[in-house]
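These notes are about the structure you will find just below.
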Amino acid sequence: MPIPDFLPDSVLVFWTRLCAWFSSQVYAVMLAHAQQHLLVRLHARLDLQALVTACAGYHHTAGPGDQPTHPVAYLVRAVLVKTLYSWSLRECADQINHHLVIKWFVGYPVFAAGPAYTTLARFEAWVSEHHGRTFFDVTLQQIDADFPGERRQPQVGDTFAMQANAAKEGLVRLIRHTCQCLLRVLQTADPVAHATVTGHLAAVALFGAPDERAEFYLDPAARRVRLQTTGVAALHCAELVQAHLPPTLPAAARQPVTDRLADLTKLVA
633 MPIPDFLPDS VLVFWTRLCA WFSSQVYAVM LAHAQQHLLV RLHARLDLQA LVTACAGYHH
693 TAGPGDQPTH PVAYLVRAVL VKTLYSWSLR ECADQINHHL VIKWFVGYPV FAAGPAYTTL
753 ARFEAWVSEH HGRTFFDVTL QQIDADFPGE RRQPQVGDTF AMQANAAKEG LVRLIRHTCQ
813 CLLRVLQTAD PVAHATVTGH LAAVALFGAP DERAEFYLDP AARRVRLQTT GVAALHCAEL
873 VQAHLPPTLP AAARQPVTDR LADLTKLVA
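In terms of the working numbering, the sequence shown opens at residue 633 and continues consecutively.
Pasting the structure below:
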C-alpha cells in the first residue's frame, strides 16, 4: 500500500514534537528497567543547581548572545560523568552520544547530538580556571548531607599504596622523619642536650645506613625486621631526650620538644 502524499508533509509539520514524544517514550521504557543503575540513582539524589548557577557565566565560542547548542546544565553533568568514570574527553563524548542512560542523565533527548570532545575540553578548562574546587566542594557537601554518620566511621585506606614505589613515606620513614624533627627542635631548645643525645644514639639503627635498600623492595619479613629495629631505636631516642631535657628549660622552648615526643610516642605505641 503506497504512503499517501499528504502523510510525509504532515509528519514534517509535527516532526519536532514527534521526536520529543518518541524520546520521552524511549527513556520511560529504559528507566523502567534501569532503576538500579548508578546514574539513575544519582539523578534522584544529586542537586546540581549550585554548580549550574556557578557556571552560568560560561558561553560557547559563538558568544554569549547566541542560543547555546549545549546548555551549561548539560555540560555540568557531562563533566561529572567524565570524572565519575575516569574517562578521557573523547571517551566521555562517545559515551554520551551512544549510551542511552548516560545521554538521559546528561540531559540530551534521544535524537539530539551530544557534545564533541572539544566542547567538553573548553568547558572543563573554563571550570578549572574559574571554579577549580566548586565541583568537589558541592559534591562533598551533598555526600555529607546524605550520609552524616559516615565521616565519623573508620575509613579503609589503600594499604598497598603505602608499600608501593609511589609512596616512600611508610611507617619506618615516618618514624625516622619524626625523630629528625624531634632532634631539630631539641637542638634549637638546648644545643648541649642535643649534642649529648646524638652522641648516644644508635644512628644506623634509627636512620638506616647510607646504602640502605628502599623499603618497597623488601619482602614482608625484612620489612618487619626493619620496622622493629627502627621502632626500638626511636624509643631509645625518646628516652634520651626525656632524660637530658633540662628541667629549668623555659616552657616556650620546651613545648616544641614535648609536642614532637608526643608525635613519636603515638607512632611507636
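We put the CB at the ideal spot given by N, CA and C, even for glycine.
**Prompt:** Nearest to ALA821 by alpha carbon, out of VAL770, LEU772, THR862, VAL889?
**Reply:** VAL889
**Prompt:** Straight-line CA distance for THR685 to THR766?
**Reply:** 11 Å
**Asked** Beta-carbon separation of VAL733 and HIS669 under 8 Å?
**Response** yes
**Request:** Could you say if the region 777 to 786 and the region 827 to 845 meet the contact criterion of at least three C-beta pairs nearer than 8 Å?
**Result:** no
**Asked** Do PRO747 and ALA688 come within 8 Å of each other at the CB atom, strictly closer than that value?
**Response** no
**Prompt:** Less than 8 Å separating the beta-carbons of VAL672 and ALA666?
**Reply:** yes
**Prompt:** In chain order, what residues of the same chain lie with their CB nearer than 8 Å to the CB of LEU896, ignoring the 5 residues before and after it?
**Reply:** ILE807, THR810, CYS811, LEU814, ALA866, CYS869, ALA870
**Opening and closing residue of the alpha helix (DSSP H) in which ARG765 lies** = Taken as a continuous stretch (DSSP letters only), ARG765 belongs to no alpha helix (DSSP H), as it is neither H nor E.
**Prompt:** Between ILE775 and LEU678, what straight-line distance do the alpha-carbon atoms span, to the nearest angstrom?
**Reply:** 9 Å
**Request:** Sort PHE839, HIS826, LEU818 by Cα distance to ALA884 and report the nearest one.
**Result:** LEU818
**Item:** Pairwise C-alpha distance: ALA835 and LEU707
**Value:** 58 Å
**Request:** Use the C-beta contact count for THR701: other C-beta atoms within 10 angstroms, 16 or more gives buried, fewer gives exposed.
**Result:** exposed
**Request:** Under 7 Å Cβ to Cβ from THR751, same chain only, skipping five residues before and after it: list those, please.
**Result:** HIS702
**Asked** Can you name the start and end residues of the alpha helix (DSSP H) that GLN887 belongs to?
**Response** 883 to 900
**Request:** Below 8 Å on the Cβ atoms is my guess for HIS876 versus THR828; work out the distance and round it to an integer in Å.
**Result:** 5 Å
**Message:** To test your reading of the DSSP string, which unbroken alpha helix (DSSP H) runs of 4 or more residues are found completely within the region 729 to 766?
**Reply:** 732 to 738, 749 to 762
**Asked** Do PHE743 and SER655 come within 8 Å of each other at the CB atom, strictly closer than that value?
**Response** yes
**Prompt:** Any idea what DSSP makes of SER718, helix, strand or coil?
**Reply:** coil
**Request:** Would you give the residue range spanned by the alpha helix (DSSP H) that PHE839 belongs to?
**Result:** 835 to 839
**Request:** Would you kindly work out how many angstroms separate the C-alpha atoms of TYR717 and PRO741, rounded to a whole number?
**Result:** 22 Å
**Item:** Where VAL875 falls: helix, strand or coil (DSSP)
**Value:** Note that residue 875 is Ala in the sequence shown, not Val. Looking at ALA875 - three-state DSSP - the assignment turns out to be helix.
**Request:** Using 10 angstroms around the beta-carbon of TRP736, count the other beta-carbons present and answer buried if the total reaches 16, otherwise exposed.
**Result:** buried
**Prompt:** Which residues bound the alpha helix (DSSP H) around CYS811?
**Reply:** 803 to 821
**Asked** What residue range is occupied by the uninterrupted alpha helix (DSSP H) comprising THR880?
**Response** Taken as a continuous stretch (DSSP letters only), THR880 belongs to no alpha helix (DSSP H), as it is neither H nor E.
**Asked** Since VAL904 and LEU721 are thought to touch, with beta carbons under 8 Å apart, how far apart are those beta carbons, to the nearest angstrom?
**Response** Here the chain has residues from 633 to 901 only, and residue 904 is not among them.
**Message:** Here's the rule I'm using: 16 or more other beta-carbon atoms within 10 Å means buried, otherwise exposed. How should ARG892 be labelled?
**Reply:** buried
**Member of HIS826, THR861, GLY764 whose CA lies at the smallest distance from the CA of PRO878** = HIS826
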